[in-house]
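Those sequence lines, one after another, are chains A and B.
With numbering that gives the first Met the number 0 applied, the first sequence has no gaps in its numbers, which climb one by one up to 218 at the end.
With numbering that gives the first Met the number 0 applied, the second sequence has no gaps in its numbers, which climb one by one up to 164 at the end.
Everything below concerns the one structure shown next.
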Amino acid sequence: MWKNLYTWLDERFGLDDMYKNLLDRPEPKTSWWNTLGSASLFLFVLQGLTGIFLTVYYTPSPDHAYDSIQYIMEGVAFGWLIRGIHHWGATLMVLVVFIHMLRVFYTASFKYPRELTWLIGIGLFLATLGMGFTGYLLPWNQKSFWATTVGTQIAGTVPLIGDFILKALRGGPDLSALTLQRFFSAHIWMIPAVLAALIGIHLFLIIKHGESHWPKKED
Amino acid sequence: MSDSHELSRRDFIKVTTGIVGGLIGAIVGLPSVYYLIDPALREGGKEAWIPIGKFEDMQIGTPYPFSFTRVQVNGWERTASSFGGYAIRKTDSPDELVILNSRCTHLGCTVNWDGKADAYICPCHDAKFSMEGEVLDGPPPRALESYGEHRITEDGTIEIFFKEG
Ligand code: HEM
Ligand code: FES
Numbered sequence: 000m001w002k003n004l005y006t007w008l009d010e011r012f013g014l015d016d017m018y019k020n021l022l023d024r025p026e027p028k029t030s031w032w033n034t035l036g037s038a039s040l041f042l043f044v045l046q047g048l049t050g051i052f053l054t055v056y057y058t059p060s061p062d063h064a065y066d067s068i069q070y071i072m073e074g075v076a077f078g079w080l081i082r083g084i085h086h087w088g089a090t091l092m093v094l095v096v097f098i099h100m101l102r103v104f105y106t107a108s109f110k111y112p113r114e115l116t117w118l119i120g121i122g123l124f125l126a127t128l129g130m131g132f133t134g135y136l137l138p139w140n141q142k143s144f145w146a147t148t149v150g151t152q153i154a155g156t157v158p159l160i161g162d163f164i165l166k167a168l169r170g171g172p173d174l175s176a177l178t179l180q181r182f183f184s185a186h187i188w189m190i191p192a193v194l195a196a197l198i199g200i201h202l203f204l205i206i207k208h209g210e211s212h213w214p215k216k217e218d
Numbered sequence: 000m001s002d003s004h005e006l007s008r009r010d011f012i013k014v015t016t017g018i019v020g021g022l023i024g025a026i027v028g029l030p031s032v033y034y035l036i037d038p039a040l041r042e043g044g045k046e047a048w049i050p051i052g053k054f055e056d057m058q059i060g061t062p063y064p065f066s067f068t069r070v071q072v073n074g075w076e077r078t079a080s081s082f083g084g085y086a087i088r089k090t091d092s093p094d095e096l097v098i099l100n101s102r103c104t105h106l107g108c109t110v111n112w113d114g115k116a117d118a119y120i121c122p123c124h125d126a127k128f129s130m131e132g133e134v135l136d137g138p139p140p141r142a143l144e145s146y147g148e149h150r151i152t153e154d155g156t157i158e159i160f161f162k163e164g
């Protein structure tokens, strides 16, 4: 029965081909360091899922952001677990993405034909940092408030357009309800959308070109 | 390495990945479901005796309207909910008061006593209820509910027993 169902689906979707080409692709003999890209992908999905669950209770308003997080931590069953995973996952994701990048650099995997994969990777790294920056403000506590004050102030030191950048980030001259709301929007919609799109292209290129081999002495 | 060894090693990895993945999924997944439905599992709130008016002010033949507000803490916010009803006096005995809840049994709008029509009228789908709460017309499936217990205090105030839902 299941076999028939599987054959039926396989004939329309080409599941076997997909499995062969996506998951069973030939790999050169490499190293554990080559698993860090997959680890980054896993962390992205994990942050996405736990983040979606956090939005069930989190409120991006200066009046309630802090209280709603307090409620997540103490009022809801397993709120501490969901937030804990998201909180530590964020730091871990920045770390893992960065080490992944170092490995690609160390093995010189950014060379022809993988220059685009590398450039898109830089975009992915910046977007991941952007997630950390915007997410850090959301609990609306002392630490996050002053960290964002300083962070946006630094962005404001850019010559000529610095003042404009500062106001665009904050939604005005000061940190306010507008800042919290636009950081929230960036954190849950804009940057994740960019990340998802870039990850898609990144993976497409990786499957197209295959994994680069670990360089030998002669290389 | 022989062929069969190569194969079983691959299968071993597949099965282990499946099991470990499934375990991690369950360890995080089940608490996540609990996290989602937690507010629905909370026990209903406090009980209280609510004063609704003086017995002497309630006239035979005219429903006596009353309303009250209860404040509940929902998550990180206090929410005020309004409740209301009508006390219908029939005799000189406070025990025989009928105290109706003005929440329509159709879809929950608040009904109002209309003296001319001699009925409670629901503004939402034009239901009509008799003075004692029976359905006269419209979609409601059953009569208006009444508040459970009531009592009279020493100074003649009627109080109803109320449990937050
Ligand atoms: C796509 C998905 C994501 C969604 C929907 C999401 C949603 C949220 C929400 C609602 C919060 C506020 C609750 C809290 O502070 O604990 C939050 C916090 C945070 N997020 Fe995300 N997030 C996502 C992905 C990420 C990623 C990829 C990163 C980082 C690299 C990240 C980093 C952070 C940080 C640093 C915080 C502050 C945590 C804290 O101090 O508690 N998020 N996120
Ligand atoms: S809610 Fe009262 S008639 Fe529909």
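Ideal Cβ positions, reconstructed from N, Cα and C, are used throughout, including at glycine.
**Item:** Near the ligand FES: residue 194 (chain A) beta-carbon under 7 Å from a heavy atom
**Value:** Sequence index remark: in the first sequence, residue 194 (chain A) carries index 195 (1-based). No, the beta carbon of residue 194 (chain A) sits no closer than 7 Å to any heavy atom of the ligand FES.
**Asked** Can residue 64 (chain B) and residue 77 (chain A) be called in contact, C-beta distance under 8 Å?
**Response** Counting from 1 along the second sequence, the entry for residue 64 (chain B) is found at position 65. Counting from 1 along the first sequence, the entry for residue 77 (chain A) is found at position 78. Not in contact: residue 64 (chain B) and residue 77 (chain A) (Cβ atoms no closer than 8 Å).
**Message:** Less than 7 Å separating the Cβ of residue 140 (chain B) from some heavy atom of the ligand FES?
**Reply:** Here residue 140 (chain B) is taken as the residue at index 141 of the second sequence, counted from 1. No, the Cβ of residue 140 (chain B) stays beyond 7 Å of every heavy atom of the ligand FES.
**Request:** Could you give the DSSP three-state label for residue 99 (chain B): helix, strand or coil?
**Result:** Numbered from 1 along the second sequence, position 100 holds the residue referred to as residue 99 (chain B). When DSSP states are grouped into helix, strand and coil, residue 99 (chain B) belongs to the strand group.
**Top-ranked residue by Cα proximity to residue 143 (chain A), from A:106, A:65 and A:92** = Position 144 of the first sequence, counted from the first residue, corresponds to residue 143 (chain A). Out of A:106, A:65 and A:92, A:65 has the C-alpha closest to the C-alpha of residue 143 (chain A).
**Message:** DSSP has residue 93 (chain A) in a bridge; who is on the other side?
**Reply:** Here residue 93 (chain A) refers to the residue found at position 94 of the first sequence. DSSP output for residue 93 (chain A) lists no bridge partner at all.
**Asked** What residue from A:105, A:52, A:27 and A:20 has the CA that sits closest to residue 27 (chain B)'s CA?
**Response** Taking the second sequence and counting its residues from 1, one reaches residue 27 (chain B) at position 28. The shortest C-alpha separation from residue 27 (chain B) is found at A:52.
**Message:** I want to verify the contact list: residues of chain A whose CB lies under 7 Å from the CB of residue 113 (chain B), in sequence order.
**Reply:** Translated into positions along the second sequence, residue 113 (chain B) becomes position 114. Going along chain A, no residue has its Cβ under 7 Å from residue 113 (chain B), so there is no contact; the nearest lies around 41 Å.
**Asked** Pick from B:114, B:154 and B:123: whose alpha carbon is nearest that of residue 129 (chain B)?
**Response** As a working mapping, residue 129 (chain B) is identified with position 130 in the second sequence. Among B:114, B:154 and B:123, the Cα nearest to that of residue 129 (chain B) is on B:114.
**Asked** Where does residue 69 (chain A) sit, in a helix, a strand or coil, going by DSSP?
**Response** What you label residue 69 (chain A) is simply residue 70 of the first sequence in a count that begins at 1. Helix at residue 69 (chain A).
**Request:** Check residue 81 (chain B) in the structure and name its three-state DSSP category.
**Result:** Indexing the second sequence from 1 puts residue 81 (chain B) at position 82. Residue 81 (chain B): strand per DSSP, three-state reduction.
**Message:** To be precise: take each residue of the region 58 to 86 of chain A, compare its Cβ to all Cβ atoms of chain B, and keep it if any distance is under 8 Å. Which residues remain?
**Reply:** Contact annotation: in the region 58 to 86 of chain A, residues whose CB is within less than 8 Å of a CB in chain B are 58, 63, 66, 67, 69, 70, 74, 75, 76, 77, 78, 80, 81 and 84.
**Beta-bridge pairing of residue 161 (chain B) - partner residues as DSSP gives them** = What you label residue 161 (chain B) is simply residue 162 of the second sequence in a count that begins at 1. B:47, per the DSSP bridge assignment.
**Request:** Just the chain B side, please: which residues come within less than 8 Å of residue 52 (chain A) by C-beta, in chain order?
**Result:** For the purposes of this step, residue 52 (chain A) is identified with residue 53 of the first sequence, where counting begins at 1. Residues of chain B passing the Cβ test: 31, 34 and 35.
**Item:** Cut-off 7 Å between Cβ atoms - residues of its own chain near residue 186 (chain A), not counting five sequence neighbours on either side
**Value:** Sequence index remark: in the first sequence, residue 186 (chain A) carries index 187 (1-based). Same-chain partners within the cutoff: 130, 133, 134 and 137.
**Request:** Report the rounded CA-to-CA distance for residue 40 (chain A) versus residue 105 (chain B), giving the unit in angstroms.
**Result:** As a working mapping, residue 40 (chain A) is identified with position 41 in the first sequence. As a working mapping, residue 105 (chain B) is identified with position 106 in the second sequence. Looking at the two C-alpha atoms, the distance is approximately 51 Å.
**Message:** Determine, for residue 103 (chain A), whether the minimum Cβ-Cβ distance to residues of chain B falls below 8 Å.
**Reply:** As a working note, residue 103 (chain A) is residue 104 in the first sequence. No, no contact with chain B.
**Prompt:** Would a check of beta-carbon distances place residue 74 (chain B) closer than 8 Å to chain A?
**Reply:** Walking along the second sequence from the start, residue 74 (chain B) turns up at place 75. Closer than 8 Å to some Cβ of chain A, the Cβ of residue 74 (chain B) qualifies, so yes.
**Request:** Would you mind reading off the limits of the beta strand (DSSP E) that contains residue 73 (chain B)?
**Result:** As a position in the second sequence, residue 73 (chain B) is number 74, starting the count at 1. Element bounds for residue 73 (chain B): 63 to 73.
**Request:** Within the same chain, show all residues whose beta-carbon is closer than 7 Å to that of residue 135 (chain B), passing over the 5 residues directly before and after it, in chain order.
**Result:** In the second sequence, counting from the first residue as 1, residue 135 (chain B) sits at position 136. Within the same chain, residue 135 (chain B) has close Cβ partners 118, 127, 128 and 129.
**Prompt:** So which residues on chain B does residue 56 (chain A) lean against when the C-beta distance must stay under 8 Å?
**Reply:** Within the first sequence, residue 56 (chain A) is the residue found at index 57, counting from 1. The answer, in chain order, is 74.
**Contacts around residue 120 (chain B), its chain only, beta-carbon distance under 7 Å, and the 5 residues preceding and following it disregarded** = Position 121 of the second sequence, counting from 1, holds the residue named residue 120 (chain B). Apart from sequence neighbours up to five positions away, the residues of its chain that approach residue 120 (chain B) with a beta-carbon distance below 7 Å are 110, 111, 113 and 127, ordered along the chain.
**Asked** Are residue 101 (chain A) and residue 204 (chain A) close, meaning C-beta to C-beta below 8 Å?
**Response** Residue mapping note: residue 101 (chain A) aligns to position 102 of the first sequence, counting from 1. Residue mapping note: residue 204 (chain A) aligns to position 205 of the first sequence, counting from 1. Taking 8 Å as the Cβ cut-off, residue 101 (chain A) and residue 204 (chain A) do not qualify as a contacting pair.
**Request:** Would you list the residues whose beta-carbon is nearer than 5 Å to any heavy atom of the ligand FES, in the order they occur in the chain?
**Result:** B:103, B:105, B:106, B:108, B:121, B:123, B:124 and B:126
**Request:** Tell me, please, whether the CB atom of residue 0 (chain B) is closer than 8 Å to any CB atom in chain A?
**Result:** Start at 1 with the first residue of the second sequence, and residue 0 (chain B) comes out as number 1. Because the pLDDT at residue 0 (chain B) is just 44, under 50, the model does not fix this residue reliably, and the value given afterwards should be weighed accordingly. Output row for residue 0 (chain B): interface = no.
**Request:** Figure out for me which residue from B:85, B:68 and B:138 has the closest Cα to the Cα of residue 79 (chain B).
**Result:** Stepping through the second sequence from its first residue, residue 79 (chain B) is reached at position 80. Cα-wise, what sits closest to residue 79 (chain B) is B:68.
**Prompt:** So residue 180 (chain A) packs on residue 27 (chain A), CB below 8 Å; how close in whole Å?
**Reply:** As a first step, residue 180 (chain A) is located in the first sequence; it is residue number 181 there, counting from the start. As a first step, residue 27 (chain A) is located in the first sequence; it is residue number 28 there, counting from the start. At roughly 48 Å, the Cβ-Cβ gap does not stay under 8 Å, so residue 180 (chain A) and residue 27 (chain A) are not in contact.
**Asked** Which one or two residues does DSSP pair with residue 128 (chain B) in a beta bridge?
**Response** The count along the second sequence starts at 1 and reaches residue 128 (chain B) at position 129. Residue 128 (chain B) is bridged to B:119 and B:134.
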